[in-house]
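Take the sequence shown: its position 237, counted from the start at 1, is 367 in my numbering, and no numbers get skipped. Ideal Cβ positions, reconstructed from N, Cα and C, are used throughout, including at glycine. The structure displayed is predicted, hence computed values, not measured ones.
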Amino acid sequence: MAGHSKFKNIMHRKGAQDKKRSKIFSKLSREITVAAKMGGEDIDSNPRLRLAVATARSQSMPKDNIERAIAKASGGDAENYDELRYEGYASGGVGIIVEALTDNRNRTASDVRTIFGKAGGNMGESGSVGFMFDRVGEITYPADVADADAMFEAALEAGADEVESDEDGHAIYTDAADLHAVVAALTEAFGGTEPESAKLIFKPKEPMVLDKDGAEKVMRLIEALEDNDDVQTVFGNYDIPDDVLAELDSE
């Protein structure tokens with residue numbers, strides 16, 4: 131995995147997960163409802179809701195589903211969800227951060243701990259792996275929006291901190307507090323074209339390079355975590371080289 135490819139590789143095999151559309155849509159709906167409940171149903175004045183809706187659209191979530199999720203925030207049947215973050219280690223010492231939305235803290239903690247254990251990892255205390263990551267904004271665009279030089283100039287002008295480009299697309303990284311402003315500036319710079327995705331992530335500072343065996347073990351854990359209904363996102367400080375990634379994809 132080289133250069134810009136690493137931002138896509140963090141979500142390696144996400145395509146396989148995306149086939150489970152109902153589960154994906156359920157998680158997106160939960161985030162939209164929570165965002166609307168916390169910050170109001172007006173997308174323009176609620177940055178978190180704006181990002182949640184943008185993410186849902188990028189996953190081809192139907193407009194009706196999005197509207198129902200927003201409306202649910204003001205309804206009496208809206209569940210109360212707690213936002214939780216778990217930290218732990220995958221096999222080989224790879225740091226893992228798990229973000230969850232749950233209506234039952236004990237259930238989710240038990241489930242996540244069990245998933246770590248079955249995959250040869252272990253759940254740690256809060257802060258045990260967080261120091262391995264930076265909390266940043268990540269914005270992605272397809273390659274045909276602009277060439278690398280044009281994207282670099284536009285991103286820096288918009289206030290971004292870092293840009294990575296290759297034949298697959300562009301990844302722009304920002305300070306967490308600047309994400310919404312940079313998205314707005316880039317959307318305007320590219321004639322109203324919105325990014326493929328815009329979200330807050332945990333970006334690994336020094337990713338661990340994995341061989342095929344290590345990559346398989348880490349991906350097994352991540353896929354098991356993502357399959358849990360309460361888990362929203364999973365981040366890891368790993369780097370899978372292109373040749374290893376090709377082997378995994380060929381299986």
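Item                                                                                                      : Value
Beta strand (DSSP E) segment containing A301, residue limits                                              : G299 to D305
Sufficient close CB pairs (3 or more, under 8 Å) joining the segment 338 to 354 to the segment 298 to 309 : no
Distance between D379 and P192 (C-alpha atoms, nearest Å)                                                 : 29 Å
Classification of L286 by the beta-carbon crowding that lies within 10 angstroms, buried from 16 upward   : exposed
Pairwise C-alpha distance: Q189 and D373                                                                  : 28 Å
Collapsed DSSP secondary structure at K347 in the structure displayed                                     : helix
Whole-angstrom distance between K153 and G254, CA atom to CA atom                                         : 27 Å
Coarse secondary structure for M191, derived from DSSP in three states                                    : coil
Extent of the continuous beta strand (DSSP E) to which E217 belongs                                       : D212 to Y219
Test item: CB-CB of D264 and K329 under 8 Å                                                               : no
Residue closest to D277, alpha-carbon to alpha-carbon, out of V293, G289 and E268                         : V293
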